[in-house]
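Here's the structure we're looking at; comments come further down.
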Amino acid sequence: MKGKILFTLSLGILCGLIYVTKITPDGNNKDMHLKVDYTATSLEDLTNNSSIVVEATVNNEQEEIDYSGITFTLSEIKINNIIKGDNLLKNDTVLLLQTNSYEDPVVEKGSKKILFLNKYEGPIVENAYVCTGLYQGNFTVNEDNTISTSTKYSNNITNVFVNKSKDELEKSIKKINKN
647 MKGKILFTLS LGILCGLIYV TKITPDGNNK DMHLKVDYTA TSLEDLTNNS SIVVEATVNN
707 EQEEIDYSGI TFTLSEIKIN NIIKGDNLLK NDTVLLLQTN SYEDPVVEKG SKKILFLNKY
767 EGPIVENAYV CTGLYQGNFT VNEDNTISTS TKYSNNITNV FVNKSKDELE KSIKKINKN
């Protein structure tokens, strides 16, 4: 029973996220916008609403999945460091499911990330994770170890940590997680 409820809820959330989709004549997604169903009010809020926070590297394995006319991207990521959570181990490889939209930009192959994650539950794929709050849970670690976002969208969380050090962000998350 619980599984049916979670499946229905997950499918409802995914369908509810779709805001505007433009489909080209050949059936490919040209532009897709999502309505973000969760807006983090603070780093504490984002951390507390994520079961796992990791530093990861995006492997070269990515797969596009078409589900009900929507293109999803499944990326393989390698865990470099676990900042919050105990469900994963360092050097584990996991799958990240994204909706291939402006609000959920697909992670670039080879990029280093700080990702706020939750286990995906739904019909598209098994054993995958999704970013909490789409772009809000997806930070890029630059070569100089500063943080940037992967989208033009921003909020009070992304504005606070953009151009700050990765270590500073990790320290803040760990402090929140201890409380």
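So the sequence shown is numbered by our numbering: it starts at 647 and just counts up by one. Every residue, glycine too, gets a C-beta built ideally from N, C-alpha and C. A quick note: this is a predicted structure, and the numbers were derived from the prediction, not measured.
Item                                                                                      : Value
Status (buried if at least 16 other CB within 10 Å, exposed otherwise) for LEU749         : In the sequence on display, residue 749 carries Glu and not Leu. Buried.
Of the listed residues ILE698, LEU743 and ASN788, nearest to ASP712 (C-alpha basis)       : LEU743
Beta bridge counterpart(s) of ALA702 as assigned by DSSP                                  : ILE725 and LYS759
Extent of the continuous beta strand (DSSP E) to which ASN784 belongs                     : 784–787
Same chain, Cβ closer than 8 Å to GLN692, five either side skipped, listed in chain order : The residue you asked about is not Gln; residue 692 is Leu in the sequence shown. These residues qualify, in order along the chain: ALA686, PHE762, THR778, GLY779, GLN782, GLY783 and ILE803.
Paired residues, beta bridge with THR687 - DSSP                                           : Per DSSP, none; premise fails for THR687.
Start and end residues, beta strand (DSSP E) containing LEU815                            : Note, LEU815: premise wrong, no beta strand (DSSP E); alpha helix (DSSP H) at 812–824.
Through-space distance from GLU754 to GLY731, alpha-carbon basis                          : 24 Å
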